[in-house]
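**Q**
Numbering (full-length UniProt numbering), first residue to last: 1 to 460.
1) List, from N- to C-terminal side, the beta strand (DSSP E) runs of 3 residues or more that fit wholly inside the stretch 46 to 82.
2) Please report the distance separating the alpha-carbon of residue 96 from that of residue 167.
3) Specify whether the stretch 446 to 456 and the stretch 400 to 419 touch according to this definition: at least 3 beta carbon pairs, one from each stretch, less than 8 Å apart.
4) Would you be able to state if there are at least three C-beta pairs under 8 Å between the stretch 139 to 150 and the stretch 61 to 77?
5) Hey, how far is the Cα of residue 461 from the Cα of residue 41?
6) What three-state label does DSSP hand residue 391 in the structure shown?
7) Who are the near neighbours of residue 27 in its chain, counting only those whose CB is closer than 7 Å to its CB and skipping five residues on each side?
8) With a threshold of 8 Å, are at least 3 pairs of Cβ atoms found where one atom belongs to the stretch 187 to 204 and the other to the stretch 406 to 415?
9) Would you mind sorting residue 204 into buried or exposed? The rule is 16 or more other CB atoms within 10 Å of its CB.
10) Which residues mark the beginning and the end of the alpha helix (DSSP H) in which residue 133 is found?
11) Grouping DSSP H, G and I as helix and E and B as strand, with all else coil, what is residue 298?
12) Buried or exposed: residue 258, going by 16 or more other Cβ atoms within 10 Å of its Cβ?
13) Output the boundary residues of the beta strand (DSSP E) element that contains residue 267.
14) Output yes or no for whether 8 Å exceeds the beta carbon distance between residue 447 and residue 397.
15) Residue 238 lies in the alpha helix (DSSP H); which residues open and close that run?
16) Determine the contact status of residue 140 and residue 179, defining contact as a CB-CB distance below 8 Å.
17) Would you report the Cα separation of residue 391 and residue 228, rounded to the nearest angstrom?
18) Please list, in chain order, all residues of the same chain as residue 176 whose beta carbon is under 7 Å from its beta carbon, the five residues on each side excluded.
19) With 16 other CB atoms within 10 Å as the buried threshold, where does residue 117 fall?
20) Keeping to the same chain, check which residues put their C-beta closer than 6 Å to that of residue 331; ignore five residues upstream and five downstream.
21) Relative to the alpha-carbon of residue 5, which residue among 394, 385 and 214 has its alpha-carbon at the smallest distance?
22) For residue 29, decide whether its Cβ has a neighbour in chain C, counting only Cβ atoms nearer than 8 Å.
23) Since I believe residue 242 is in contact with residue 380 (beta carbons under 8 Å), could you give me their beta-carbon distance rounded to a whole number of angstroms?
24) Taking 8 Å as the threshold (C-beta atoms), are residue 98 and residue 11 in contact?
25) DSSP on residue 12, reduced to helix/strand/coil?
26) Going along the chain, which residues of its own chain have a beta-carbon closer than 7 Å to the beta-carbon of residue 13, five neighbours each way excluded?
27) Roughly how many angstroms separate the alpha carbons of residue 339 and residue 285, rounded to a whole number?
28) Among 110, 457 and 19, which one has its Cα closest to the Cα of residue 77?
29) Can you list, in chain order, the residues of its chain whose CB lies under 6 Å from that of residue 342, leaving out five sequence neighbours each side?
30) Along the chain, where does the alpha helix (DSSP H) containing residue 346 start, and where does it finish?
31) Which stretch, first to last residue, makes up the alpha helix (DSSP H) that contains residue 309?
32) In chain order, what are the residue ranges of uninterrupted alpha helix (DSSP H) at least 4 long that sit wholly in the stretch 186 to 232?
33) Where residue 106 and residue 236 are concerned, what is the direct C-alpha to C-alpha distance, given to the nearest angstrom?
34) Under 8 Å between the Cβ atoms of residue 220 and residue 212?
35) Would you list the residues sitting across from residue 358 in a DSSP beta bridge?
36) Pick from 186, 137 and 181: whose alpha carbon is nearest that of residue 156?
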């Protein structure tokens with residue numbers, strides 16, 4: 001199922017004899033090894049030989065090694081160097097601080113810093129709310145993590161989480177015009193995280209919690225929302241829920257079904273699954289069954305975890321008690337936020353006619369998308385190499401743009417719901433089809449649509 005991806009782009013610098021055939025042989029060997037060749041450049045040429053740069057997309061690190069081995073096996077060919085484009089992009093980090101006002105002379109310096117800045121400090125001391133107008137606070141978000149649930153990598157710590165948080169900050173700026181900064185905390189203590197974020201809060205207009213493991217993430221978000229006067233958003237929960245709802249709204253249009261009438265099966269009851277179910281119900285979903293590792297959650301099998309117990313008490317009205325595969329039979333919608341390869345195409349074939357499959361485990365979906373598409377009418381994943389990518393970048397930049405613009409202090413379920421509807425509405429009726437239920441991440445209309453929807457219900 002795995003295909004070459006731009007996340008594993010490599011450039012091989014190869015020494016070959018000076019002939020057209022030698023160069024073609026190298027390109028052919030790379031392609032035969034399963035890579036997608038995207039460029040061939042002559043770096044150096046003499047009468048005796050060439051140095052050729054072959055750029056290609058591989059599947060993963062092991063595949064890159066196999067490509068190198070295939071070239072090393074060719075007579076007269078020598079691999080001089082292998083460059084990984086992803087690592088090159090990260091050298092020195094991906095974000096920086098820049099000044100908005102020029103400081104060219106003493107007059108500029110006296111306004112930007114001492115003595116002129118003292119007047120601004122005094123104005124804020126008299127009226128603290130002026131910080132939103134006279135500092136970076138009005139457009140700045142803290143991207144906070146403890147590094148315990150990073151992508152699909154798990155608990156890798158705050159330093160290893162930093163490249164992800166840098167990337168998040170870059171996306172905030174690129175898509176929402178929001179200045180964001182990584183705050184990677186070297187603690188997993190809930191109280192210490194809460195204290196630290198509260199202590200940092202005066203600098204920021206909002207907090208984006210990221211890659212914090214459940215169930216600790218629930219308490220951290222709830223406490224910070226209650227104790228801060230700026231919006232706090234856990235993207236792994238609510239960003240995912242927004243984009244899932246947006247995709248489902250349009251997928252249901254494709255198959256001409258209504259959300260209150262369809263049977264929805266959700267695999268995964270962690271942070272994302274909990275938020276998805278809550279938002280689906282806010283949109284009108286009536287028939288939801290959620291599955292954890294031990295099977296369907298039921299009202300008579302409470303665990304003591306308030307978040308799982310809420311799901312158990314607010315879903316599965318029919319009291320289903322079978323396995324995930326059994327629960328899928330006759331279902332209209334499958335939403336997976338759990339683990340890869342837990343279902344087969346045969347399982348999907350037991351679903352209702354015109355079924356919808358949103359298999360979002362990354363990098364390996366719950367079911368092979370190609371196998372699922374043999375019987376499902378609409379298939380979406382979290383991957384960029386298949387149609388209908390469910391990507392949180394569609395949600396959080398515009399959401400925070402709207403929150404910061406209005407000076408909102410809280411995030412409501414209605415804000416999340418209208419954000420999802422706004423994303424769905426970007427896809428026009430004339431564009432909608434089974435392979436296009438969600439806008440592309442580079443669609444410039446999305447962030448402004450989401451920001452506008454949030455502004456309309458902010459109440460500030």
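Idealized CB from N, CA, C, for every residue including glycine.
**A** The answer reads as follows:
1) Correct list: 49 to 58.
2) 12 Å
3) Taking 8 Å as the limit for Cβ pairs, the verdict is that the stretch 400 to 419 does touch the stretch 446 to 456.
4) no
5) There is simply no residue 461 to check, as the chain begins at 1 and stops at 460 in what is shown.
6) coil
7) For residue 27, where only same-chain residues beyond five positions count, the Cβ hits under 7 Å are 37, 40 and 54.
8) no
9) Buried, by the Cβ-count rule.
10) 131 to 134
11) coil
12) So residue 258 ends up on the exposed side.
13) For residue 267, the enclosing beta strand (DSSP E) has its first and last residue at 263 to 267.
14) yes
15) Neither: residue 238 is in no alpha helix (DSSP H) and is coded neither H nor E.
16) yes
17) 28 Å
18) 397, 398, 400, 401 and 447
19) exposed
20) 263, 265 and 351
21) With distances taken between Cα atoms, residue 5 lies closest to 385.
22) Note that chain C does not occur in the displayed structure, where there is just one protein chain.
23) That belief does not hold up - the Cβ atoms of residue 380 and residue 242 are roughly 14 Å apart, past 8 Å.
24) no
25) strand
26) 43, 51, 53, 80 and 81
27) 24 Å
28) 19
29) 366
30) 345 to 349
31) 306 to 314
32) 190 to 200 and 216 to 227
33) 47 Å
34) Yes; because the gap between Cβ atoms is below 8 Å, this pair is in contact.
35) 335 and 380
36) 186
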